[in-house]
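**Student:**
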Amino acid sequence: MKDHKAYLRSKERASAKEADELDSRDIRCPECGRKILVAYGDAAGHVSVYCIKCREVKKIDFKRFRTGKKA
Ligand SMILES: [Zn+2]
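For what it's worth, this note's numbering labels the leading residue of the sequence shown as 1, then goes sequentially.
Listed below in structure tokens is the structure:
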């Protein structure tokens with residue numbers, strides 16, 4: 001289990017390093033405007049994100065949420 005955690009951490013570190021090289025933008029909750037996610041330039045497809053303010057899961061399609069302030 002310890003090895004598995006170390007493996008996951010190494011994957012996170014590699015992901016963070018790659019993300020630092022990409023453009024990013026904030027994705028805001030369509031209901032309340034709260035920042036619920038940061039999308040990077042290579043983000044594609046659909047994700048479910050929980051908005052703690054609305055207490056609801058929002059389903060986001062990145063291609064429909066292309067614009068937004070840079071994070
Ligand atoms: Zn919300």
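Note that the Cβ used here is the ideal one computed from N, Cα and C, for glycine as well.
Between the alpha carbons of A39 and A16, how many angstroms are there, rounded?
**Tutor:** Counting from one through the sequence shown, the residue named residue 39 turns up at place 39. Counting from one through the sequence shown, the residue named residue 16 turns up at place 16. Using only the alpha carbons, I get a separation of about 12 Å.
**Student:** Nearest to Y50 by CA position, among D42, K59, K11, is which residue?
**Tutor:** Translated into the one-based positions of the sequence shown, residue 50 becomes position 50. Here the closest residue by C-alpha is K59.
**Student:** For ligand 1, any of its heavy atoms closer than 8 Å to the Cβ of K53?
**Tutor:** As a working mapping, residue 53 is identified with position 53 in the sequence shown. Yes, the Cβ of K53 comes within 8 Å of a heavy atom of ligand 1.
**Student:** With a cut-off of 9 Å, does the C-beta of G45 fall near any C-beta of chain D?
**Tutor:** Judged by its chain identifiers, the structure shown contains no chain D, having just a single protein chain.
**Student:** Look at the alpha carbon of D3 and the alpha carbon of K11, and state the distance between them as a whole number of angstroms.
**Tutor:** Along the sequence shown, one-based indexing puts residue 3 at 3. Along the sequence shown, one-based indexing puts residue 11 at 11. Roughly 12 Å between the two C-alpha positions.
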